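These notes concern the structure reproduced below.
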Amino acid sequence: MKTMILLSLAAVTALNAGSIDEAFVAGKASGQIRAAYTSIENDAGGKSYGTALGGILKYETAEWNGLKAGVGAYVSQKLHAASGNADKNELNTELFDINGKSYAYVGEAYLDYTMDDLSLRVGRQQIDTPFADTDDIRMHPNTFEAAIATYSAIEGTTLVGGYVTSWAGYDSEGTVSKDKFKKLGGNESNGVAVVGIVNESVENLALQGWYYSIDEVSDALYTDATYTIPFSETIALALSGQYANFSEEKASGMDGSVYGIGAAFNVSALTLGAAYNKGSNDEGKSVSNGFGGGPYLTSMEEWTIDGMNDVKAYQLSAGVDLANAGLDGLTLTALYGNFKSDTDGTKVTEFDLIASLELSEAITGDISYAMIDDKYDNADGSGGDVGYDRFLVRLNYNF
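Just so we're aligned: the sequence shown equals residues 0 to 398 in numbering that gives the first Met the number 0.
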């Protein structure tokens, strides 16, 4: 199950400055240099690929009277010699802007205020909630223009509330490029009001509940629970359940319910998992990932239940930490997912192989290979195959 973090607030040592000038002088620069390569080979023929070098350069002031400010530049520079030719339809644009060119934009620019157990952040920022999240799967995470408050005075409980108006990033790209901030919910929407509660006061039990009011689109509810049963220091079983409900507005089509259950059994370095999701919708309606990768238990590297009508999906997974074999920081994972909608005449299967590397806090990386079998049947008996294989490599230097 994807772990949900409330807010991705950068962990920077708090330095209490005596003045605004000192706050800027004592501030700290941080960031990430990332090199990435991705390619897609379609089952129907044709291959595209792209390579980029970029990352994030961020500066955050020291704290002064509870206040601090931060700004982050997000950059992706195309390496032309290692990228496909756009004129020959060989260029994969996922690491670049919508036109396949390099880009740079201000992904973060915020003012942060903290007083005791209350925090408020206003401006462009990273957020991680079930239906609005960073989903860092290409060159940069999604970021949002928002005002978000968190309150953690209650032991084991965190309350979250705020308003989100626009976003940028890989998941945001449609007719407008990923490096441009655009309205959540479309041009007619005024944004999303969100409230949530996360509770871990009961040992081995994690609970969360969220409500989103997406103006002109839908009202969304989400809740999940994970209970871990430890059998020994090296053996444990984690059981998960989730529920989501969407109530559409203005015939948006975002409507229906999702149920999910999952289990993960861990024995020393080996973890085996299974998950199931079921969607229930009226004809022509579907559930959504929201604004990001979504929270669903069966989500794969490429495919999720987003946009599918009356979907049934299951996932099987196996992962191994190779530290005991002398390969510290290397984790291998294999996943199989099956997604089916009889209403849409859609059946998709995906098989993923993922290697995650963490040589140190500074040097990390990941390699993934996804094979998607996507066949569809039309009402007139015709059909097609839009499956593909994806290869992705990313290397990071964090500072």
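Backbone N, C-alpha and C fix where the C-beta goes; we use that ideal spot for every residue, glycine too. Note that the structure is a prediction, hence the values are computed from the model and not measured.
In the three-state DSSP reduction, GLU59 falls in the strand class (E or B).
If you draw a straight line from the Cα of PHE390 to the Cα of ALA369, it comes to about 7 Å. Taking the CA atoms as reference points, GLY383 sits about 12 Å from VAL347. Non-local C-beta neighbours of THR342 in its own chain, meaning closer than 6 Å and more than five positions away in sequence, comprise ASN308, ASP309, ordered along the chain. Comparing alpha carbon positions, the residue from SER38, ASN186, PHE23, ASP281 closest to ALA61 is PHE23.
Going by DSSP, GLU349 is part of the beta strand (DSSP E) stretching over 345-357. Looking only at ASN88, GLY53, ASP42, ALA273, the smallest Cα-Cα distance to ALA333 is reached by ALA273. CA-to-CA, the gap between ALA312 and ALA361 works out to about 37 Å. Put simply, of ILE196, ARG120, SER200 the residue whose alpha carbon is nearest the alpha carbon of TYR210 is ILE196. In the DSSP assignment, ALA152 falls outside any alpha helix (DSSP H), carrying neither H nor E. Between the alpha carbons of GLU357 and VAL266 lies a distance of about 21 Å. About 6 Å separates the Cβ atoms of SER75 and SER101, confirming a contact at the 8 Å cut-off.
In the three-state reduction of the DSSP assignment, VAL105 falls in the strand class, which pools E and B.
Here ALA146 is actually not in contact with ARG123; their C-beta atoms are around 11 Å apart, not less than 8 Å.
Residue pairing by DSSP places GLY208 opposite ILE196, THR222 in a beta bridge. Judged by their CB atoms, GLY190 and TYR162 are nearer to each other than the 8 Å cut-off.
By the C-beta criterion, the stretch 230-241 is judged to be in contact with the stretch 255-270, since at least 3 inter-stretch pairs fall below 8 Å. With fewer than 16 other Cβ atoms inside 10 Å of its own Cβ, SER231 counts as exposed. Bridge pairing for TYR48: SER38, LEU90 [DSSP]. Under the DSSP definition of a beta bridge, LEU329 partners with LEU356. Boundaries cannot be given for ILE126, as no alpha helix (DSSP H) includes it and DSSP labels it neither H nor E. When only Cα atoms are considered, VAL194 and ILE97 end up about 33 Å apart.
By the CB criterion at 8 Å, LEU394 and ALA34 fall inside the cutoff.
Of the residues assessed, LEU204 falls on the exposed side of the cut-off, its CB having fewer than 16 other CB atoms within 10 angstroms. A straight line joining the alpha-carbon of LYS67 with that of ASP111 spans about 5 Å.
Under DSSP, the beta-bridge partners assigned to VAL266 are ILE234, LEU269.
Assignment of beta-bridge partners to THR113 by DSSP yields SER118. Put simply, the backbone Cα of THR233 is about 8 Å away from that of ALA268.
For TYR275, the secondary structure class from DSSP, reduced to helix, strand or coil, is strand.
For TYR104, same chain residues with a beta-carbon under 6 Å away, outside a window of 5 residues either side, are TYR73, ASP178 in chain order.
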